[in-house]
Amino acid sequence: MKNININDLLNINNANIIDIRNNFSYMKGHIPGAINITSQELLFNPERYLNRNKAYYIYCDSGSRSKVIVNELNNLGYNTINVLGGYNSYCKAKLKMS
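Take 2 as the starting number for the sequence shown in this note's numbering and just add one per residue.
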């Protein structure tokens, strides 16, 4: 399974970032450019949201749920990468920048 840290992710232009947290958590805050697709939606119908020829960076709050989702999607032939530390790592990086 592929992983990426938040600093490397933020340096990628036009990255396909997916926030798998619930809609309420997403609305409270998310990584810039991320779209919200809950883990259930994504696993139930991945072909609706993903293209096998593109890479997707997937995160949750801490990186643990996204790790499971990334493994399952990779097994289905999708190019998905887990964001280490999830949204929490983004919040910490954002604090360091300010």
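Every residue, glycine too, gets a C-beta built ideally from N, C-alpha and C.
Given the structure is predicted, the values throughout are model-derived calculations rather than measurements.
- Item | Per-residue DSSP class, three states only, for N76 | helix
- Query: Of the residues L10, A56, S90, N15, which one's Cα is nearest the Cα of L74?
  - Reply: A56
- Message: Short of 6 Å in beta carbon distance, which residues of its chain neighbour I32, apart from the five on each side in sequence? Order them along the chain.
- Response: I18, Y91
- Would you kindly check if the distance between the Cβ of N72 and the Cβ of M2 is under 8 Å? yes
- Give me the Cα-Cα distance between N80 and K95, rounded to the nearest whole angstrom. Distance between the alpha carbons of N80 and K95 is about 27 Å.
- Can the beta-carbon of A16 be found less than 8 Å from the beta-carbon of Y58? yes
- Item | Rounded straight-line distance, which links the Cα of K97 to that of L43 | 32 Å
- Item | Element boundaries [alpha helix (DSSP H), containing A16] | Note, A16: premise wrong, no alpha helix (DSSP H); not H, not E.
- Query: Just reading off the beta strand (DSSP E) that A35 is part of, what are its end residues?
  - Reply: Secondary structure note for A35: it is in no beta strand (DSSP E), with a DSSP letter that is neither H nor E.
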